[in-house]
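Peer 1: Here it is: the structure, laid out below.
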Amino acid sequence: MSDHFKITPHNAISDSDIARVIPCKKLTMNDPIRWLALALKDASREPGLTLFFGLIFAAIPWLIIELVQLTGWHLVIMPAIVCFMLIGPFLAACMYDVSWELEKNHEPTLRHCVKTLKRNALNEWGLGILLMILMIFWLRVASLIHALYPQYMDANFINLLPFLAVGTLVGAVFTLLVFFVSAFTQPILMERKVDLATALLTNMNAIWTNKGPMMLWAFIIMLAVLIGFATWFVGFIFLMPLIGYATWHGYIGTIETKRERHYE
């Protein structure tokens with residue numbers, strides 16, 4: 001390893017020309033469940049803001065579907081998803097702020113949530129653009145897989161199975177990639193006010209160090225999304241704020257802080 005990229009104890013990279021890596025803790029398989037329990041507590045303490053943000057998360061996919069049905073133009077999905085990938089991190093930051101304020105025994109307000117968006121806006125926009133690029137690339141690969149389907153074949157399950165399998169595999173790879181770069185990146189940017197590279201490397205290091213618990217957390221997020229779609233987005237009203245609050249507690253429980261922090 002070069003002299004410009006030395007790894008010090010406790011998973012911290014202190015001598016790098018690129019970025020620093022904030023040390024992480026060692027998690028157990030019970031930790032993601034504990035994050036959800038703390039998230040439920042936050043939701044019960046702040047039902048108004050929880051419902052407000054939940055309705056926004058449910059409205060976004062519903063509006064996309066309505067636009068497609070009204071216009072008959074399926075390409076509207078692309079710009080809609082791009083816009084969501086850009087504003088998504090800022091919407092998530094509002095939910096993190098609710099948990100952060102509750103942790104400090106403050107009363108969360110919508111005004112304070114909005115003010116939080118200005119803490120590290122430049123790097124948060126950078127994260128949004130990075131996620132947008134990944135999403136566009138994902139959509140282009142999906143279009144390519146669809147284009148490879150022979151038009152002369154009957155659209156039955158047996159004929160579609162190979163393409164469904166390939167599409168599912170590619171989607172899973174991209175989903176893991178997005179998770180690998182964004183699981184705790186946004187909370188790090190919001191609280192630490194560090195650069196994007198530091199937040200990304202810190203997030204990747206935390207996931208790599210805690211593969212089992214973090215894969216369980218990824219499965220919980222995926223399950224929440226599937227339930228949301230299965231309930232025609234109604235499930236998002238409760239599940240998305242819950243995932244947002246739990247992500248904040250996951251960040252606090254995973255990334256080392258200067259002083260010990262507890263919220264029980």
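In UniProt numbering, the protein residues as written are 1 to 264.
All C-beta atoms, glycine included, are put in the ideal place defined by N, C-alpha and C.
1) Using C-beta distances below 6 Å, list every residue in its chain close to Gly244, excluding the 5 sequence neighbours before and after it, in chain order.
2) Assign Ile22 to one of three DSSP states: helix, strand, or coil.
3) Return the CA-CA distance between Ile145 and Val68, expressed in angstroms with no decimal places.
4) Spell out a yes or no on whether the region 97-110 and the region 168-175 are touching, meaning 3 or more CB-CB pairs, one atom from each, closer than 8 Å.
5) Touch check for the region 21-29 and the region 187-207: three-plus C-beta pairs under 8 Å?
6) How would you label Leu66, buried or exposed, when you count the other beta carbons within 10 angstroms and need 16 or more for buried?
7) Considering only the beta carbon of each residue, do Met214 and Ile221 sit closer than 8 Å?
8) How big is the Cα-Cα spacing for Pro165 and Val114?
9) Tell me which residue opens and which closes the alpha helix (DSSP H) that Trp232 is part of.
10) Hey, how far is the Cα of Lys211 from the Cα of Phe219?
11) Alpha carbon to alpha carbon, how far is Phe57 from Leu70? Give it in angstroms, no decimals.
12) At which residues does the alpha helix (DSSP H) containing residue 265 begin and terminate?
13) Run through the region 150-203 for me and flag every whole alpha helix (DSSP H) of 4 or more residues, listed as ranges in chain order.
14) Any idea which residues DSSP pairs Ile255 with across the strands?
15) Note down the Cα distance separating residue 317 from Leu134, rounded to an integer number of angstroms.
Peer 2: Walking through what the data contain:
1) Cβ within range, chain order: Ala92, Met95.
2) In this structure, Ile22 counts as coil in the three-state DSSP scheme.
3) So the alpha carbons of these two residues sit roughly 22 Å apart.
4) Segments in contact, no.
5) Verdict: yes, contact present.
6) The sequence shown places Glu at residue 66, rather than the Leu named in the question. Looking at its Cβ environment, which holds fewer than 16 other Cβ atoms inside 10 Å, Glu66 is exposed.
7) Here Met214 is not near Ile221, since their CB atoms are 8 Å or more apart.
8) First, the residue type needs correcting, since residue 165 is Ala and not Pro in the sequence shown. Cα to Cα, the separation comes out at about 42 Å.
9) Run containing Trp232: none; DSSP gives neither H nor E here.
10) Between the C-alpha atoms of Lys211 and Phe219 there is a straight-line separation of about 12 Å.
11) Approximately 21 Å, taken between the alpha carbons.
12) Because the chain in this structure spans residues 1 to 264, residue 265 falls outside the shown range and cannot be described.
13) List check, alpha helix (DSSP H) in window: 157-182, 185-192.
14) DSSP, once it has assigned bridges, lists Cys24 as partnering Ile255.
15) Any answer about residue 317 is impossible in this case: the structure gives the chain only from 1 up to 264.
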